[in-house]
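Trainee:
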Amino acid sequence: MENILVIGAAGQIGSELTIALRKIYGNEHVFATDIKDVPQDIKDTGPSAILDVMDDKRLIHFVIRHKITQIYHLAAVLSGNAEKLPLQAWHINMQSLLNILDLTKVVEDVHRVFWPSSIAVFGPTTPKQNTPQLTITEPSTVYGISKLAGERWCEYFNTRYNLDIRSIRYPGLISYKTEAGGGTTDYAVEIFYDAVRKKQYECFLKEDTALPMMFMQDAVEATIKLMQAPKENISVKSSYNVGGISFTPKQIADEIKKHISDFEIFYKPDFRQPIADSWPQSIDDSVAQKDWGLETKFDIKELTQVMLNGVREKFKKQ
Ligand code: SER
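In the working numbering, the protein residues as written are 748 to 1065.
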């Protein structure tokens, strides 16, 4: 019997992953927590609580009281926001992970943890195309530095204490249920909202900025697949490359135009352009495919269709 704690259940990943986990492990066994209120469907279908992962004492009490066996720690300050308050972002991203790792070492019942890393661990000196699993990692953002340090801590705890911390380097994640906040890849979410709302979008990246992206359903399935894989299959003790698909703002705008013919896009690159320029354009995720069977189902065409429908439905309900 697994009891699962999701930290950051109100966020872009957490709000969808929690529901998927409840379908597998049973509603009562998946505890949704965040520092803010979780979405109504999560409140209605199972246990939820306000919990701050930075409060290590409350965290450990919560884990023991609810006999937690697996933790998904999804709370983080994303790349764009982190550049505005670098030291605070570093503190939040690192200390929250260290709280979880230390707790996992101490509380025996907790036998598996998921923590997301990012393509942000790569930097300007990394090969940009088909970026390998093992390559140069010299990130130039505070978010990337915190994710890279986090990966090293995960590997350290896995090896030194024989723990089972698993991780994915997510590409940009695209979804309509909960909007992302403060990331560089967020343009690929915002563009759908503005396309439906205003038939135009001002993009903060240049038209030819290619980045690796993934639709949320693929990301959730990948995460669960990784977490359910036998431990002996997990050869990467830090974090797995996961690439999904790659596209530029112009390519996604062209795809949207097939559905909304008078959609217009304007380009006004801001401080996030150099962040995007420092990241890979496409990712080699063959190790994840081989170790635990990573699959990507959504291409740019399907993703565009599902996003436009999803955003339209969301506006109808409001
Ligand atoms: N999507 C994230 C960001 O843009 C990258 O992990 O910050």
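Yeah, the Cβ is synthetic: ideal placement off N, Cα and C, and Gly gets one too. All values reported here derive from a predicted model rather than from experimental measurement.
For C950, which residues does DSSP report across the bridge?
Mentor: C950 pairs with Y1014.
Trainee: If you reduce the DSSP assignment to three classes, tell me which class S887 lands in.
Mentor: DSSP places S887 in coil when its eight states are reduced to three.
Trainee: Can you grab the Cα-Cα spacing for the pair V989 / I754, in whole Å?
Mentor: Their backbone Cα atoms lie some 22 Å apart in a straight line.
Trainee: Out of T792, A779, I811, point me to the one whose CA is closest to L798's CA.
Mentor: Of the candidates T792, A779, I811, the one whose C-alpha sits nearest the C-alpha of L798 is A779.
Trainee: From this set, Q964, Q817, G891, which residue's C-alpha is nearest L910's C-alpha?
Mentor: It is Q817 whose Cα lies nearest to the Cα of L910.
Trainee: Just the Cα atoms here: how many angstroms apart are E926 and E830?
Mentor: Taking the straight line from one Cα to the other gives about 19 Å.
Trainee: Determine the burial state of E1002: buried for a count of at least 16 other Cβ atoms within 10 Å of its Cβ, exposed for fewer.
Mentor: Buried, by the Cβ-count rule.
Trainee: Quick check: the Cα distance between E1049 and G991, rounded to an integer number of angstroms?
Mentor: Going by the C-alpha atoms only, they are around 13 Å apart.
Trainee: Buried or exposed: which applies to M1054, given that a residue is buried once 16 or more other Cβ atoms fall within 10 Å of its Cβ?
Mentor: Flag for M1054 reads buried.
Trainee: Taking C-beta to C-beta, are A896 and M963 nearer than 9 Å?
Mentor: Going by C-beta atoms, A896 is not nearer than 9 Å to M963.
Trainee: Which one or two residues does DSSP pair with P918 in a beta bridge?
Mentor: DSSP, once it has assigned bridges, lists no residue as partnering P918.
Trainee: Counting only runs of 3+ residues fully inside the region 974–1042, write out the beta strand (DSSP E) ranges in chain order.
Mentor: For the region 974–1042, whole beta strand (DSSP E) runs of length 3 or above, ordered along the chain, are 992–994, 1011–1014.
Trainee: Is L932 near the ligand SER, judged by its Cβ being under 8 Å from some heavy atom?
Mentor: Note that residue 932 corresponds to Thr in the displayed sequence, not to Leu. Yes.
Trainee: Note down the Cα distance separating D1038 from I807, rounded to an integer number of angstroms.
Mentor: Each residue's alpha carbon lies about 32 Å from the other.
Trainee: What residues match up with Y819 in a beta bridge as DSSP calls it?
Mentor: Answer is V753, F861, bridged to Y819.
Trainee: State the CB to CB distance for the pair F1013 and C950, rounded to an integer number of angstroms; the pair is presumed to be in contact (CB under 8 Å).
Mentor: Yes, they are in contact, since the Cβ atoms of F1013 and C950 sit about 7 Å apart, within 8 Å.
Trainee: For L848, which residues in the same chain have their Cβ closer than 8 Å to its Cβ, ignoring the five residues on either side in sequence?
Mentor: If we look at L848 and ignore the five residues flanking it on each side, its Cβ neighbours are V860, W900, C901, F904, L910, I912.
Trainee: I'd like to check one pair, D781 with V810: are the Cβ atoms closer than 9 Å?
Mentor: Contact flag unset, no.
Trainee: With a threshold of 8 Å (Cβ to nearest heavy atom), would I981 be considered close to the ligand SER?
Mentor: Flag unset: Cβ of I981 not near the ligand SER.
Trainee: Flag this pair as yes or no: are the beta carbons of L881 and L973 separated by less than 9 Å?
Mentor: No.
Trainee: Since S914 and E898 are thought to touch, with beta carbons under 8 Å apart, how far apart are those beta carbons, to the nearest angstrom?
Mentor: The pair is a contact, with the Cβ atoms about 7 Å apart (cut-off 8 Å).
Trainee: I need the DSSP call for P959, collapsed to helix, strand or coil.
Mentor: Here P959 sits in strand by DSSP.
Trainee: Need the endpoints of the alpha helix (DSSP H) that A867 sits in, please.
Mentor: Here A867 belongs to no alpha helix (DSSP H), and DSSP marks it neither H nor E.
Trainee: Just to confirm the assignment, what range does the alpha helix (DSSP H) spanning V936 have?
Mentor: Note, V936: alpha helix (DSSP H), 934–945.
Trainee: Using the C-alpha atoms, what's the distance from P886 back to V868?
Mentor: About 5 Å.
Trainee: Going by DSSP, what residue range makes up the beta strand (DSSP E) through I782?
Mentor: Here I782 belongs to no beta strand (DSSP E), and DSSP marks it neither H nor E.
Trainee: Less than 9 Å between the beta carbons of A1023 and T931, yes or no?
Mentor: Result yes, Cβ atoms of A1023 and T931 sit closer than 9 Å.
Trainee: With a Cβ-Cβ cutoff of 9 Å, do L958 and I866 count as a contact?
Mentor: In contact: L958 and I866 (Cβ atoms closer than 9 Å).
Trainee: Helix, strand or coil for A796 per DSSP?
Mentor: In the structure shown, A796 sits in a strand (DSSP, three-state: E or B).
Trainee: Quick check: is any heavy atom of the ligand SER less than 8 Å from the C-beta of S826?
Mentor: Flag set: Cβ of S826 near the ligand SER.
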